[in-house]
Amino acid sequence: MMEQPNCQKPPFFIVGAHRSGTTMLRLMINSHPNLAVPFESGFIPFFYRELAKYGDLRIKDNAARLLKDIQEDPSVKKGELIHDPEAILSYAITGYADLVNAIFEVYARKKGKKRWGDKTPGYVGELDIIWKLFPGCRIIHLVRDGRDVALSLSKIEWGSGHIPKLAENWRWMTTLGHKIGAILGEQYYLEVRYEDLVLKTEETIRTICTFLQEPYYKEMLAFSTTAEMEMPKESMKWHKNSVRPPDPNKVYMWKHKMSLSDRIIFEQIAGSALELFGYEREKHPSTLGSRLKRLYYCVVRRW
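Residue numbers (our numbering): 32 to 334.
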């Protein structure tokens, strides 16, 4: 007998620039008794662009071949998203959206949850595909002061200390999400500031629950008690703070940890985006140090 999808409420997607707190938000929402948010999937847009290779997904062998390839995706394996391929293939699959939905629904059911969401920051640049597959889905765009994002990225091995590039990437990702949100409207798009999530946690989580049309549960504030169990072990070195209670000391760190020259460079490139999201601008004039450092980034680092 074919499984029928749970169509009561649409899925939701948490997006934003990397190091904006999306993992912490994912763990908070995942602590809701109705909501399952696995480790970031990453595969949805990639295989959407590869669909021609698999033919008609109404044919079970074709769907099974695609599912097998998805199962080998590094992010899918790391997050242990797929445990029971046969359960997934028991759903009525007429296309790619049905297959993706089945993957997440089987995961949610295994966790005893009724509704699924996805946390993949980079999907902020793929929302056209996400919306095409899941029209009516909800988008939660988490935004953090770009200078703190740059500081965080400069400390991890897959990040970069290249301030102009970090500023440009942050500006592009955040403003793109904002523009898409203006098109979708407040019924489908919610913008959340990391700083509010940390400093006004309960109020912000209640706002998110209202947006998702879910009741608020206080367990969401106690997410840190089970957070490590919901994280791949190999990712913990990058997310030590994400599994802890929100720390006000992580807000606006750039004010005392970022050099003046880097602050000037960042603001020259992304100042308008900082203003767009309500962040403070210092408006320092260029200094010899900032000009020399930007020249170094542009010439030596080839930006």
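Heads up, the beta-carbon is just placed ideally off N, CA and C, and yes, glycines get one too.
Extent of the continuous beta strand (DSSP E) run through residue i
i: histidine 172; result: 169–174
i: tyrosine 220; result: 220–224
Beta-bridge partners of residue i, as assigned by DSSP
i: glycine 148; result: Phe43
i: leucine 66; result: Arg146
i: leucine 307; result: According to DSSP, leucine 307 bridges with nothing at all.
Residue range of the unbroken alpha helix (DSSP H) whose run includes residue i
i: methionine 59; result: 53–61
i: threonine 232; result: 232–243
i: isoleucine 161; result: 158–164
i: glutamate 202; result: Looking at the sequence shown, residue 202 is not glutamate but arginine. Segment 194–215, the alpha helix (DSSP H) holding arginine 202.
i: histidine 287; result: 285–288
i: arginine 178; result: 177–184
Expected contact under 8 Å - CB spacing of residue i and residue j to nearest Å
i: isoleucine 239; j: valine 229; result: Their Cβ separation, rounded to whole angstroms, is 14 Å, which puts isoleucine 239 and valine 229 out of contact at 8 Å.
i: leucine 56; j: leucine 215; result: In fact, because the Cβ distance is near 19 Å, the residues do not count as touching under 8 Å.
i: alanine 48; j: methionine 204; result: 4 Å
i: isoleucine 45; j: glycine 208; result: Contact flag wrong, Cβ pair sits at about 11 Å.
i: arginine 169; j: tyrosine 219; result: 6 Å
i: leucine 305; j: glycine 177; result: 6 Å
i: lysine 144; j: alanine 258; result: The Cβ separation is near 16 Å, so there is no contact.
i: leucine 112; j: proline 69; result: 5 Å
i: leucine 58; j: phenylalanine 254; result: 5 Å
i: isoleucine 295; j: proline 195; result: Between proline 195 and isoleucine 295 the Cβ distance is about 11 Å, and since that is not below 8 Å, they are no contact.
i: tyrosine 79; j: isoleucine 160; result: 5 Å
i: glycine 167; j: proline 41; result: 5 Å
i: leucine 307; j: threonine 206; result: 7 Å
i: phenylalanine 297; j: alanine 198; result: 5 Å
i: valine 180; j: tryptophan 162; result: About 25 Å separates the two Cβ atoms, so there is no contact after all.
i: glycine 52; j: arginine 175; result: 6 Å
i: alanine 133; j: phenylalanine 165; result: Actually they do not touch by this definition, with Cβ atoms about 13 Å apart.
i: arginine 50; j: leucine 252; result: About 22 Å separates the two Cβ atoms, so there is no contact after all.
Distance cut-off 8 Å: residue i Cβ against heavy atoms of the ligand SAH
i: glutamate 71; result: Only the bare structure without any ligand can be found here, which leaves the ligand SAH out of the picture.
Item to complete: May I ask you to verify whether the region 144–164 touches the region 70–78, counting CB pairs closer than 8 Å and requiring at least 3?
Response: By the C-beta criterion, the region 144–164 is judged to be in contact with the region 70–78, since at least 3 inter-stretch pairs fall below 8 Å.
Fill in: Continuous alpha helix (DSSP H) assignments of at least 4 residues falling wholly in the region 80–130
The region 80–130 contains these whole alpha helix (DSSP H) runs: 91–102, 105–109 and 116–120.
Discussion item. Three or more C-beta pairs under 8 Å: does that hold for the region 81–96 against the region 272–289?
Written reply: Touching, no.
Worksheet item: Is there contact between the region 60–71 and the region 243–254, where contact requires at least three CB pairs shorter than 8 Å?
Response: When Cβ pairs closer than 8 Å are counted between the two stretches, the region 60–71 is seen to touch the region 243–254, the count reaching three or more.
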